[in-house]
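Taking our numbering, the leading residue of the sequence shown gets 2, the next gets one more, and so forth.
The structure under discussion appears below in the form of structure tokens.
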Amino acid sequence: MDTYRKRFYYLVATNLIIRLLVALTTNLGIDEAYYFSYALFPDWSYFDHPPLVGQMIIWFSFSLAVISDLFLRLGPLVIGTVNLFIIFKIGVLIKNNKVGFIASLLYSASFYCSIIVGVFVMPDAPQSVFWLASMYVFLKYMSSQKNGWLVLFGLFTGLAMLAKYHAAFLGVGVGLYILFHNRQQLKNPYLYLSAFISLALFLPVILWNYFAEYSSFAFHGQRVGSESMQLTLKYFFPEFFGQVFYNNPINWVIIVSSTIFIFRNKLFKTNEQIKYLFYTGIPIIATLLVMALFNRTFPHWSGPGYYALILIASVVVEHKTRGVSKPFPTKGVLASSLLFGFIVVVGVLQINFGIIPMPQEENQKRLGKNDVTLDLYGWEQAGERFEELLKEDQLLGQGNTFIITHNWFPACQVDLYMAYPNNIDLYVTGSIFKQHHYRAVNHKRGAIQQADEGYYITTSRYFQEPDETITSQFETISQPKIIPIKRGRRTVAYIYVYRLQNLVNTEFQFKE
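This is the structure in structure tokens:
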């Protein structure tokens with residue numbers, strides 16, 4: 002067996018162990034728990050995203066037969082491993098096993114690629130495997146000129162778009178490459194067949210939006226649009242430095258220096274594969290940076306663009322280290338992997354043990370508000386304590402018990418860890434921007450009936466007293482029972498549980 006291929010298998014095993022460590026020692030975060038609600042109510046699309054993340058949860062939890070942090074994250078764990086094989090294969094296709102191995106090293110050292118994509122339940126996970134597959138088959142088409150690969154490109158691009166709208170940049174990359182460097186392809190009917198397949202696969206999302214008054218498209222349009230279009234650096238620097246960190250700062254330096262190298266040494270002019278990779282990677286990254294000059298963006302949105310840049314960097318590193326057969330061809334690649342391992346270990350320890358002291362809020366109702374690590378901690382505790390409270394109130398097992406809360410976060414985690422295990426329906430009040438997908442969930446779960454008794458739940462991280470929407474509907478709202486969330490001996494957050502009794506009207510409808 003080739004040395005680099007053997008090293009690659011060791012890397013796959015090590016990377017999987019690290020990702021399993023994270024998956025097994027943390028609770029699902031806000032977004033992860035939110036997408037669990039997609040799996041509870043499958044649909045052709047959703048308020049926030051296309052349907053594939055919900056389907057991924059269903060498939061890997063065996064149609065929700067096994068609900069645990071590990072099985073809900075099983076899809077990303079499997080996809081993360083598959084992605085390593087695909088990027089290795091792309092590197093081999095571009096040049097040789099060494100390029101494939103270097104690409105795998107850089108990929109595995111990226112926090113976006115290994116953790117956000119390879120552990121967390123996010124739309125990025127199903128998008129990633131089809132994004133990488135799309136790149137692979139188009140590169141195969143470039144080398145073979147067999148139209149079957151071009152058809153597969155349309156198939157995989159359409160599937161990637163069913164995970165996340167950003168996958169449209171795959172078509173942008175191919176379009177720019179053809180427009181600037183290979184215009185004879187515009188005469189190829191299979192190019193248009195490929196585009197048709199992508200759009201046909203995406204059609205259910207378009208139809209869903211049509212019947213839902215384009216709510217998802219409108220929501221994302223408001224997120225990325227700006228009425229005033231006033232230039233500001235308020236969001237630019239978080240986006241820029243977020244991209245640097247998410248992709249590993251050392252990776253980022255290697256990528257930038259490699260990009261400079263290909264232009265200085267005219268590799269961009271002479272290498273068709275690098276041209277294609279450049280057009281697939283740069284547009285989404287540049288678009289997000291420009292958008293961040295006007296609006297709030299999130300660094301992981303640009304993550305897929307770095308797949309192509311990782312491959313470009315791998316070609317350059319291989320070029321510079323020909324004849325070098327060390328496990329880590331450069332000190333930079335070694336340092337990148339070590340930094341990744343160090344931060345992951347420190348992060349897991351911080352989440353579970355709080356080894357780095359965090360600023361403490363004196364106000365009990367704001368405790369933990371500024372500790373982002375609590376997004377992944379304490380919810381199993383909350384679920385266990387809430388079940389005890391149900392038994393005390395003698396409501397456990399009653400089908401007419403309900404929970405109300407005030408925002409899609411923390412509603413999603415309350416739903417997953419407190420409501421769902423006890424067969425209780427959860428509802429979210431407020432505007433569409435407070436409810437998100439829970440607007441549809443409220444409707445599907447139906448109105449609260451007059452005989453029902455239930456709870457209003459909020460947390461010290463996102464505290465909000467029951468507002469007039471709640472207080473006007475119930476005769477009795479008790480003082481809250483407070484569930485402390487402990488990390489070691491320290492209380493780090495509180496869950497506030499208000500008892501709701503005696504619905505005033507015949508039923509409680511959730512309106513804005």
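Even for Gly, the Cβ is constructed at its ideal location relative to N, Cα and C.
Quick check on residue i: buried or exposed, where buried means 16 or more other Cβ atoms within 10 Å of its Cβ?
i: V67; result: exposed
i: H407; result: buried
i: P124; result: buried
i: F212; result: exposed
i: V291; result: exposed
i: H50; result: buried
i: K141; result: buried
i: Q185; result: exposed
i: S129; result: buried
i: N16; result: buried
i: V1; result: Absent from the structure is residue 1, since the part of the chain shown begins at 2 and ends at 513.
i: G172; result: buried
i: L85; result: buried
i: A201; result: exposed
i: H437; result: buried
i: I207; result: exposed
i: F434; result: exposed
i: G304; result: buried
i: G489; result: exposed
Would you report the Cα separation of residue i and residue j, rounded to the nearest angstrom?
i: I255; j: G333; result: 7 Å
i: Y166; j: L390; result: 42 Å
i: A24; j: A14; result: 15 Å
i: F238; j: N424; result: 44 Å
i: M359; j: D372; result: 7 Å
i: I1; j: L133; result: Nothing about residue 1 can be read from this structure; the chain reaches only from 2 to 513.
i: V257; j: W380; result: 40 Å
i: Q361; j: E319; result: 49 Å
i: T507; j: E476; result: 13 Å
i: G55; j: A40; result: 5 Å
i: P205; j: F42; result: 16 Å
i: V456; j: P77; result: One point to set straight first is that residue 456 is Tyr, not Val, in the sequence displayed. C-alpha separation (whole angstroms): 34 Å.
i: R8; j: L153; result: 30 Å
i: L177; j: Y280; result: 6 Å
i: Q395; j: P250; result: 53 Å
i: L75; j: K267; result: 43 Å
i: V316; j: F102; result: 11 Å
i: G306; j: T288; result: 11 Å
i: L156; j: V118; result: 21 Å
i: E513; j: G431; result: The pLDDT assigned to E513 is 49, lower than 50, so where the model puts this residue is not dependable, and the model offers no usable value.
i: P411; j: F354; result: 22 Å
i: F112; j: W253; result: 12 Å
i: E228; j: Y11; result: Low local confidence applies: a pLDDT of 48 at E228 is under 50, so the model's placement there is unreliable, with the coordinate-based value given in what follows. Approximately 52 Å between the Cα atoms of the pair.
i: T459; j: Q502; result: 17 Å
i: W1; j: M57; result: Absent from the model: residue 1. The displayed extent of the chain is 2 to 513, so no value can be given.
i: I80; j: L160; result: 14 Å
i: F274; j: I19; result: Correcting the residue type first, residue 274 is Gln in the shown sequence and not Phe. For Q274 and I19, the distance between alpha carbons rounds to 32 Å.
i: S115; j: E33; result: 16 Å
Tell me which residue opens and which closes the beta strand (DSSP E) that residue i is part of.
i: G390; result: Residue 390 is actually Leu in this sequence, not Gly. Unbroken run through L390 is the alpha helix (DSSP H), W380 to D394; no beta strand (DSSP E).
i: Q244; result: Where Q244 is concerned, there is no enclosing beta strand (DSSP E), although the alpha helix (DSSP H) it sits in stretches over F237 to Y247.
i: E454; result: E454 to T460
i: E319; result: Note, E319: premise wrong, no beta strand (DSSP E); alpha helix (DSSP H) at G306 to K321.
i: L427; result: D426 to V429
i: F403; result: T402 to T406
Hey, residue i and residue j are a contact pair by Cβ (cut 8 Å); roughly how many whole angstroms apart?
i: A309; j: M162; result: At roughly 17 Å, the Cβ-Cβ gap does not stay under 8 Å, so A309 and M162 are not in contact.
i: R440; j: F48; result: 7 Å
i: Q450; j: N401; result: 7 Å
i: A110; j: F329; result: Their Cβ separation, rounded to whole angstroms, is 10 Å, which puts A110 and F329 out of contact at 8 Å.
i: F203; j: V175; result: Going by Cβ atoms, the distance from F203 to V175 rounds to 16 Å, so no, they are not a contact pair.
i: L375; j: A494; result: 6 Å
i: L107; j: I311; result: 5 Å
i: V349; j: T26; result: 5 Å
i: I471; j: I405; result: 6 Å
i: L377; j: G30; result: 5 Å
Need the endpoints of the alpha helix (DSSP H) that residue i sits in, please.
i: N210; result: P190 to F212
i: Y178; result: A169 to H182
i: I68; result: Counting along the chain, I68 falls outside any alpha helix (DSSP H), and DSSP gives it neither H nor E.
i: M57; result: L53 to F61
i: L234; result: Where L234 is concerned, there is no enclosing alpha helix (DSSP H), given that its DSSP letter is neither H nor E.
i: I255; result: P250 to R265
i: W409; result: W409 to V415
i: T472; result: E469 to T472
From the DSSP output, read off the bridge partner residues of residue i.
i: V498; result: I458 and K482
i: K487; result: T492
i: E508; result: Q450
At a cut-off of 7 Å, is residue i close to the ligand SAH when judged by its beta-carbon and the heavy atoms of the ligand?
i: D125; result: Judged by which ligands are present, the structure shown has none, so any question about the ligand SAH falls away.
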